[in-house]
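Colleague:
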Amino acid sequence: MKTIAVAGAAGFIGSNLCERLLKEGSAVIGIDNFASSSRKNIDFLSEFGNFSFLEHNVQEPLEIKENVSQLYNCASPASPVDFAKIPIEILMTNSLGIKNLLDFCLEKKARFLQTSTSEVYGDPLVHPQKESYFGNVNPIGERACYDESKRFAEALIMSYRRKYNLEVRIARIFNTYGPRMRKDDGRVVPTFIGQALSNKPITVFGKGKQTRSFCFVSDQVDGLVKLMNSGFAGPVNIGNPVEITMIELAEKIISLSGSKSEIVFRPLLHSDDPRKRKPDISLAKEKLGWAPEVPWQEGIKKTIAWFREN
Ligand code: UDP
118 MKTIAVAGAA GFIGSNLCER LLKEGSAVIG IDNFASSSRK NIDFLSEFGN
168 FSFLEHNVQE PLEIKENVSQ LYNCASPASP VDFAKIPIEI LMTNSLGIKN
218 LLDFCLEKKA RFLQTSTSEV YGDPLVHPQK ESYFGNVNPI GERACYDESK
268 RFAEALIMSY RRKYNLEVRI ARIFNTYGPR MRKDDGRVVP TFIGQALSNK
318 PITVFGKGKQ TRSFCFVSDQ VDGLVKLMNS GFAGPVNIGN PVEITMIELA
368 EKIISLSGSK SEIVFRPLLH SDDPRKRKPD ISLAKEKLGW APEVPWQEGI
418 KKTIAWFREN
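Taking this note's numbering, the leading residue of the sequence shown gets 118, the next gets one more, and so forth.
(1) If distances are taken between C-alpha atoms only, which option among D264, I310 and G147 comes closest to K300?
(2) Would you mind working out which of Y263, F161, N253 and D240 sits nearest S233, comparing C-alpha positions?
(3) Beta-carbon within less than 7 Å of L400's beta-carbon, same chain only, minus the 5 sequence neighbours each way: which residues are those?
(4) Comparing the CB of V123 with every heavy atom of ligand 1, is any distance shorter than 6 Å?
(5) Helix, strand or coil for S125, going by three-state DSSP, please let me know.
(6) Taking the continuous beta strand (DSSP E) assigned at Y281, which residues delimit it?
(7) Report the three-state DSSP secondary structure of N211 (helix, strand or coil).
(8) How many Å lie between R394 and E177 at the Cα?
(9) In angstroms, rounded to a whole number, what distance separates the CA positions of P197 and G303?
(10) Can you tell which of V338, V321 and E259 has its C-alpha closest to the C-alpha of L139?
(11) What residue range does the alpha helix (DSSP H) around N253 cover?
(12) Is G311 helix, strand or coil by DSSP?
(13) Looking only at C-alpha atoms, which of E236, V145 and D149 sits nearest to I267?
(14) Quick one: residues in its chain with C-beta nearer than 8 Å to the C-beta of S212, no 5 flanking neighbours on either side, listed in chain order?
(15) Any heavy atom of ligand 1 closer than 6 Å to the CB of V334?
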């Protein structure tokens, strides 16, 4: 049986990933400090016999006695609301924290997978975004704590690969949604669903013409597992290339939830809010044989159902 460590196990993507790995029969050691995640997700995972949990801040060196062969790093606050609240925490998690996890993998001879982000492309001037695009990031803007630390992380990881021959994998995750997102996370999908289910106004920021491409979490997790077990280091985009505007998203959520909500317009949270985002996933198709399968209407329906129950 493989023993796999997941940093950020109590978070949205981390907990869905742990569930998948446990169902496949691996032993999973979850690591989290609950900076932006929920203990409920750990309670749920504890129902699996092969799950163990370590409350730990990755900014401290990681020590585990088990023979870990793979480590997935999903430990980072990722909501623009967090960027304003805990920017320094985010910068340190994605720099010092990653160094600690890389050193741990060196010692264990474990393979390291980083959940990087489409935010490394910033407000992109190239559309759709290919991995070869270097990005358009404001290094001192309100999103910089996240964007720049994730860029630093990629540089650090590739340096460990070059200098120490460490086995690394880098996934650039595009907007992902689904069950176990935090309701008050501030990100657009849980916010709109929460507003729709309570018949409150749907707050579209700016003119609502900005686009995103939303990937259902089971597809995302599948991409991460395929990348980890492939022979390809990446970076590789993992996302759903179906691109929609925020107005389209609001309208779809209103209609699928049967809500009486109206759309209202509010100022953009950050001036650096990317105007468009869509992954080119040719590389993931070619190297991993991966492409998303869940159409967004179906994924949104499942997510609405989950928020209703929870
Ligand atoms: N957004 C919105 N209303 C909200 C929350 C977000 O219109 O209540 C917009 C936001 O301005 C952005 C898009 O939705 O253009 C996606 O935002 P999110 O915070 O989910 O993630 P991002 O892709 O910006 O990191």
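We treat Cβ as the ideally placed atom computed from N, Cα and C, and that holds for glycine.
Modeller: On the basis of the data shown:
(1) Counting from one through the sequence shown, the residue named residue 300 turns up at place 183. When the alpha-carbon of K300 is set against those of D264, I310 and G147, the nearest one is in I310.
(2) Against the sequence shown, residue 233 aligns to sequence position 116. Comparing Cα-Cα distances from S233 to each of Y263, F161, N253 and D240, the minimum goes to Y263.
(3) In the sequence shown, residue 400 corresponds to position 283, counting from 1. Closer than 7 Å at the Cβ level, and outside the excluded window around L400, lie E248, V353 and N354.
(4) Looking up residue 123 in the sequence shown gives position 6. In terms of side-chain proximity, the C-beta atom of V123 is found no nearer than 6 Å to any non-hydrogen atom of ligand 1.
(5) Here residue 125 is taken as the residue at index 8 of the sequence shown, counted from 1. Per the sequence presented here, residue 125 reads as Gly, with Ser not at that position. Residue state, collapsed to three classes: coil.
(6) What you label residue 281 is simply residue 164 of the sequence shown in a count that begins at 1. Unbroken run through Y281 is the alpha helix (DSSP H), A261 to Y281; no beta strand (DSSP E).
(7) Translated into positions along the sequence shown, residue 211 becomes position 94. Three-state result, N211: helix.
(8) Counted from its first residue, the sequence shown places residue 394 at position 277. Counted from its first residue, the sequence shown places residue 177 at position 60. Rounded to whole angstroms, R394 to E177 spans 34 Å at the Cα level.
(9) To locate residue 197, count along the sequence shown from 1; it is residue 80. To locate residue 303, count along the sequence shown from 1; it is residue 186. Roughly 7 Å separates the two Cα atoms.
(10) Counting from one through the sequence shown, the residue named residue 139 turns up at place 22. Looking from the CA of L139, the closest CA among V338, V321 and E259 belongs to V338.
(11) Counting from 1 along the sequence shown, the entry for residue 253 is found at position 136. Counting along the chain, N253 falls outside any alpha helix (DSSP H), and DSSP gives it neither H nor E.
(12) Translated into positions along the sequence shown, residue 311 becomes position 194. In this structure, DSSP gives G311 a helical state, which the three-state scheme calls helix.
(13) Here residue 267 corresponds to residue number 150 of the sequence shown, with the count starting at 1. First, the amino acid is wrong: residue 267 is Lys here, not Ile. When only C-alpha atoms are compared, the closest one is E236.
(14) Numbered from 1 along the sequence shown, position 95 holds the residue referred to as residue 212. Result list for S212: S266, F269, A270 and L273, in chain order.
(15) Translated into positions along the sequence shown, residue 334 becomes position 217. Incorrect: V334 has no Cβ contact closer than 6 Å to ligand 1.
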